[in-house]
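Protein chains in written order, with the numbering used here: chain R, 4 to 318; chain E, 4 to 318. We treat Cβ as the ideally placed atom computed from N, Cα and C, and that holds for glycine. Encoded as structure tokens, the structure appears first; notes follow it.
Number of protein chains: 2
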Amino acid sequence: MKILNLFNISPENKQRLKSLDGVELINLDDLKAYDYNQIDFVYGWNQRGDELLKKLTHVKFVQSISAGVDYLPLNEFKQRHILLANTSGIHAAPISETVVAYLLAFSRGIIWSDQFKEDHLWESDKLRKSVFSLSGQRALVYGTGNIGTAIAIHLHQLGLQVSGVNLHHHIIPEFDEILPFQPTIPSNKKFDYIINTMPLTSKTYHFFDDKFFSSLSNQPMFINVGRGASVDTSALITALTHCLLKSAAIDVFEEEPLPNDSPLWQLNNVLITPHISGASADYELQAFDIFWQNLNSFINTGHVSVNKVDLVRGY
Amino acid sequence: MKILNLFNISPENKQRLKSLDGVELINLDDLKAYDYNQIDFVYGWNQRGDELLKKLTHVKFVQSISAGVDYLPLNEFKQRHILLANTSGIHAAPISETVVAYLLAFSRGIIWSDQFKEDHLWESDKLRKSVFSLSGQRALVYGTGNIGTAIAIHLHQLGLQVSGVNLHHHIIPEFDEILPFQPTIPSNKKFDYIINTMPLTSKTYHFFDDKFFSSLSNQPMFINVGRGASVDTSALITALTHCLLKSAAIDVFEEEPLPNDSPLWQLNNVLITPHISGASADYELQAFDIFWQNLNSFINTGHVSVNKVDLVRGY
């Protein structure tokens with residue numbers, strides 16, 4: 004059985020693969036034309052994935068190394084009955100810490116202090132009036148999966164009230180309440196933080212649009228650690244420049260890298276992180292552990308045991 | 004009974020004071036020479052406090068509006084048997100949130116992202132390798148009072164191991180262990196974060212000096228939310244420039260405002276906040292609540308009921 008590796012595998016984990024009877028690991032650089040119809044498994048994905056998949060006539064299982072799989076050709080997977088698993092779960096810790104980092108960077112004056120530092124400015128009086136404690140603030144989290152739930156737990160620990168939104172309006176105990184999936188914020192609700200963690204699907208594409216931002220009445224902070232295309236970027240810019248939003252922290256964008264001429268770079272109440280919210284030092288090891296479980300399960304039973312993607316739902 | 008007000012009191016709280024029989028509130032601007040020997044209580048303190056205190060021959064109780072009271076003439080308080088209370092406790096929430104903000108600002112790449120933003124730089128690959136989750140990291144907190152304990156609670160929630168140091172080496176259940184108060188880090192201990200919350204006394208003056216920083220073996224981050232003079236500033240700068248420290252986040256300084264020519268402004272691995280870590284929007288109301296309790300208690304019993312400062316110990 005041959006595995007095509009499109010990601011990074013540590014020497015220790017390469018040894019683990021070698022210990023499996025009859026398993027051969029092939030890196031992309033070493034892939035020969037005669038391998039194409041012998042590849043059974045693909046680990047990771049990259050820009051050449053779509054083109055490669057057409058040639059890999061024999062592939063049965065692909066392990067992505069991301070939680071979102073919107074960038075893979077899901078229809079082709081479905082037609083060819085290829086199993087797909089994601090790495091949902093391992094991003095929950097780093098992403099939820101990143102969300103806490105965003106909230107506190109603004110509430111505790113870190114962003115402004117760092118901007119003043121450049122000019123050696125000691126703006127104590129001004130900042131003392133603007134900083135505040137998060138206790139009692141209200142957050143609304145779109146998406147109540149692993150990531151959204153980890154965020155809810157952290158925000159509760161900091162004394163916030165946390166509401167959630169999910170597609171089927173099902174109760175998740177870590178949230179104070181679950182609101183239905185609707186295109187605007189109910190007029191009787193006010194939130195200080197709007198946080199997106201949803202996967203990208205036809206239902207969530209451009210969900211955060213002009214209509215959504217216009218329904219905000221009390222200038223919340225907006226955070227996107229989900230998918231870039233869930234946000235209509237021009238609507239976000241309008242909301243920020245028209246003070247419908249107090250501030251924003253954005254990790255994922257419709258176009259990445261964020262184009263050099265994007266107005267978002269210029270707005271001083273916007274924190275931009277370059278798609279790093281889910282990264283962590285031991286990411287590669289954690290991703291491999293999921294692949295390892297699924298590979299062994301597939302060899303023994305023909306099924307993957309964890310994180311199988313529903314190809315119709317898209318996550 | 005006359006109260007000299009050196010801080011801010013809301014209109015509602017001024018009404019509460021008026022409701023007390025025979026109590027008169029005098030603001031500094033309205034203070035007349037003939038009031039001097041009639042002032043019983045002082046609320047707050049400022050640069051003129053020391054000079055005023057000599058003239059206020061009748062004063063019996065001073066309510067400071069800070070946790071640390073090192074800037075008040077404690078010897079004169081002691082000689083004249085003037086009661087002093089601080090506002091210890093109300094800073095615990097904002098300061099502990101600030102410490103979490105500092106840790107996460109570095110661990111989640113916020114500081115670097117914000118520095119790259121100025122040049123519209125999308126440094127995703129570089130930052131993905133440097134960000135990490137706080138879980139499993141080790142922190143050492145100097146000072147295990149309200150503030151240190153609140154920090155320990157927050158850091159535990161983020162998965163850190165938290166050790167504490169206090170003067171009498173007494174157990175505090177919120178810490179994993181308590182280390183003795185010693186001038187260096189024990190050679191068998193390694194910490195990722197060193198956090199100072201100690202009051203300023205003769206024992207803590209320049210506690211963090213060349214000798215202390217030289218005892219660090221694994222480049223921790225250093226955080227000071229205690230008192231500026233607990234740190235020998237030139238030793239701190241040497242430790243940062245000689246890579247004994249990985250980074251620092253400093254809220255309090257030996258000289259405030261931090262002088263324009265301080266090398267600290269120039270170091271890009273140092274976060275400077277202008278003495279704002281303890282501030283919060285409802286700070287004035289919380290401080291007044293402590294004063295209100297102590298004022299009523301003093302009128303009824305001649306004692307203050309909360310936050311009395313030990314004038315010998317200095318906190």
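Q) Quick one: which chain R residues come within Cβ less than 7 Å of A282/E? A) Position 279 of the second sequence, counted from the first residue, corresponds to residue 282/E. What A282/E touches in chain R: R131 and V134.
**Q.** Nonlocal neighbours in the same chain, by C-beta distance under 6 Å from N272/R, ignoring five residues either side
**A.** Reading the first sequence from its first residue, position 269 is the one you call residue 272/R. The answer, listed in chain order, is S250.
**Q.** Span separating the alpha-carbon of L31/E from that of F10/E
**A.** Sequence index remark: in the second sequence, residue 31/E carries index 28 (1-based). Sequence index remark: in the second sequence, residue 10/E carries index 7 (1-based). One C-alpha to the other measures close to 9 Å.
**Q.** Contact residues within the region 261-286 of chain R, judged by C-beta distance below 7 Å to chain A
**A.** Here chain A cannot be found, since the structure's protein chains are R and E.
Q: Report back the beta-carbon spacing between A142/R and L170/R to the nearest angstrom; my notes put them in contact at under 8 Å.
A: Taking the first sequence and counting its residues from 1, one reaches residue 142/R at position 139. Taking the first sequence and counting its residues from 1, one reaches residue 170/R at position 167. Cβ-Cβ separation between A142/R and L170/R: approximately 19 Å, too far for a contact (criterion under 8 Å).
Q: Kindly list, in the order they appear in chain E, the residues whose Cβ is closer than 7 Å to that of T152/R.
A: Position 149 of the first sequence holds residue 152/R. Ordered by position in chain E, no residue passes the 7 Å Cβ test against T152/R, which lies about 15 Å from the chain.
Q | Assigned secondary structure, G167/R (DSSP; H/G/I helix, E/B strand, else coil) | A | The residue you call residue 167/R lines up with position 164 of the first sequence. Correct three-state label for G167/R: strand.
Q: With 8 Å as the threshold, decide whether the Cβ of W295/E is near any Cβ in chain R.
A: Taking the second sequence and counting its residues from 1, one reaches residue 295/E at position 292. W295/E does not count as touching chain R.
Q | Within chain E, partners of L161/R - CB distance below 9 Å | A | Start at 1 with the first residue of the first sequence, and residue 161/R comes out as number 158. The answer, in chain order, is E100, V103, H157 and Q160.
Q) Taking the alpha-carbon positions, what's the P260/E to S280/E distance? A) Position 257 of the second sequence, counted from the start, is the residue given in the question as residue 260/E. Position 277 of the second sequence, counted from the start, is the residue given in the question as residue 280/E. In this structure, the straight-line span from the alpha carbon of P260/E to that of S280/E is close to 15 Å.
Q) With distances taken between CB atoms, is the gap from V102/R to V228/R smaller than 8 Å? A) Position 99 of the first sequence, counted from the start, is the residue given in the question as residue 102/R. Position 225 of the first sequence, counted from the start, is the residue given in the question as residue 228/R. Contact: yes.
**Q.** Where N30/E falls: helix, strand or coil (DSSP)
**A.** Taking the second sequence and counting its residues from 1, one reaches residue 30/E at position 27. Note: N30/E maps to strand in three-state DSSP.
**Q.** chain E contact residues for K193/R, given Cβ-Cβ distances below 9 Å
**A.** Locating residue 193/R in the first sequence gives position 190, where the first residue counts as 1. Simply none; closest approach about 17 Å.
Q: Report back the beta-carbon spacing between T200/R and I150/R to the nearest angstrom; my notes put them in contact at under 8 Å.
A: If you number the first sequence from 1, residue 200/R lands on position 197. If you number the first sequence from 1, residue 150/R lands on position 147. Indeed, because the Cβ distance is near 4 Å, the residues count as touching under 8 Å.
Q) Rounded to the nearest angstrom, how far is the Cβ of I93/R from that of Y286/R, given a contact under 8 Å? A) By 1-based counting over the first sequence, the position of residue 93/R is 90. By 1-based counting over the first sequence, the position of residue 286/R is 283. With a Cβ gap of about 7 Å, I93/R and Y286/R count as contacting.
Q: Give a yes or no on contact between the region 65-85 of chain R and the region 190-204 of chain R, applying the rule of three or more CB pairs nearer than 8 Å.
A: yes
(Q) For the pair the region 219-236 of chain R and the region 179-194 of chain R, tell me if three or more CB-CB distances fall below 8 Å. (A) yes
Q. Taking Cβ positions, are K214/E and P183/E nearer each other than 8 Å?
A. For the purposes of this step, residue 214/E is taken as the residue at position 211 of the second sequence. For the purposes of this step, residue 183/E is taken as the residue at position 180 of the second sequence. No, the Cβ-Cβ distance between K214/E and P183/E is not below 8 Å.
Q: Quick one: measure Cβ to Cβ for F135/E and A284/R, integer angstroms, because I've assumed they're closer than 8 Å.
A: Locating residue 135/E in the second sequence gives position 132, counting from the first residue. Locating residue 284/R in the first sequence gives position 281, counting from the first residue. Contact flag correct, Cβ pair sits at about 4 Å.
(Q) Quick check on DSSP: helix, strand or coil for L59/E? (A) Position 56 of the second sequence, counting from 1, holds the residue named residue 59/E. If DSSP states are grouped into helix, strand and coil, L59/E belongs with coil.
Q.
Using a Cβ-Cβ cutoff of 7 Å, what residues of the region 61-89 of chain E are near chain R? List them in chain order.
A. none
**Q.** Contacts that K120/R makes with chain E (C-beta to C-beta distance below 7 Å)
**A.** Indexing the first sequence from 1 puts residue 120/R at position 117. Chain E residues near K120/R: W268 and I275.
Q | Below-8 Å beta-carbon distance, W125/E vs any chain R residue | A | Along the second sequence, read from residue 1 onward, the residue named residue 125/E stands at position 122. Yes, W125/E counts as interfacial toward chain R.
Q) For I175/R, which three-state DSSP category applies? A) As a position in the first sequence, residue 175/R is number 172, starting the count at 1. Coil at I175/R, not helix or strand.
Q. Between the Cα of A96/R and the Cα atoms of A290/R, I302/R and A282/R, which residue gives the shortest distance?
A. As a first step, residue 96/R is located in the first sequence; it is residue number 93 there, counting from the start. Cα-wise, what sits closest to A96/R is A282/R.
Q | Residues that R111/E contacts on chain R, provided the C-beta gap is smaller than 7 Å | A | Within the second sequence, residue 111/E is the residue found at index 108, counting from 1. Result: E100, T101 and A104.
Q: Return the Cβ separation of N310/E and T90/E in integer angstroms, given the expectation that the two are a contact with Cβ distance under 8 Å.
A: For the purposes of this step, residue 310/E is identified with residue 307 of the second sequence, where counting begins at 1. For the purposes of this step, residue 90/E is identified with residue 87 of the second sequence, where counting begins at 1. Contact flag correct, Cβ pair sits at about 7 Å.
Q. Under three-state DSSP, which class holds Y385/E?
A. Residue 385/E is absent from the model: chain E starts at 4 and stops at 318.
Q) Which same chain residues, not among the five before or five after L86/R, have their C-beta less than 6 Å away from its C-beta? A) As a first step, residue 86/R is located in the first sequence; it is residue number 83 there, counting from the start. Closer than 6 Å at the Cβ level, and outside the excluded window around L86/R, lie F64 and V307.
Q: Leaving out five residues on either side along the sequence, give the residues of the same chain with a beta carbon under 8 Å from the beta carbon of G25/R.
A: Position 22 of the first sequence, counting from 1, holds the residue named residue 25/R. Excluding sequence neighbours, G25/R sits near M4.
Q: For L248/R, decide whether its Cβ has a neighbour in chain E, counting only Cβ atoms nearer than 8 Å.
A: For the purposes of this step, residue 248/R is identified with residue 245 of the first sequence, where counting begins at 1. So no, L248/R is outside the interface.
Q. Does the separation of the CB atoms of L130/R and W115/R fall below 8 Å?
A. For the purposes of this step, residue 130/R is identified with residue 127 of the first sequence, where counting begins at 1. For the purposes of this step, residue 115/R is identified with residue 112 of the first sequence, where counting begins at 1. Yes.
Q: For S133/E, I'd like the list of residues in its chain whose CB is within less than 8 Å of its CB, leaving aside the five on either flank, ordered along the chain.
A: Taking the second sequence and counting its residues from 1, the one referred to as residue 133/E is at position 130. So the qualifying residues of the chain are G112 and W115.
Q. If we ignore side chains and look at the alpha-carbon of each, how far apart do G52/E and I6/E end up?
A. By 1-based counting over the second sequence, the position of residue 52/E is 49. By 1-based counting over the second sequence, the position of residue 6/E is 3. If I take the Cα positions, the gap works out to 14 Å.
Q | Proximity test, Cβ basis, 8 Å: I114/E and chain R | A | Position 111 of the second sequence, counted from the first residue, corresponds to residue 114/E. Cβ-Cβ to chain R under 8 Å: yes for I114/E.
Q) Does any residue of chain E bring its CB to less than 8 Å from the CB of D2/R? A) In the structure as shown, chain R starts at 4 and stops at 318, and residue 2/R therefore has no counterpart that could be examined.
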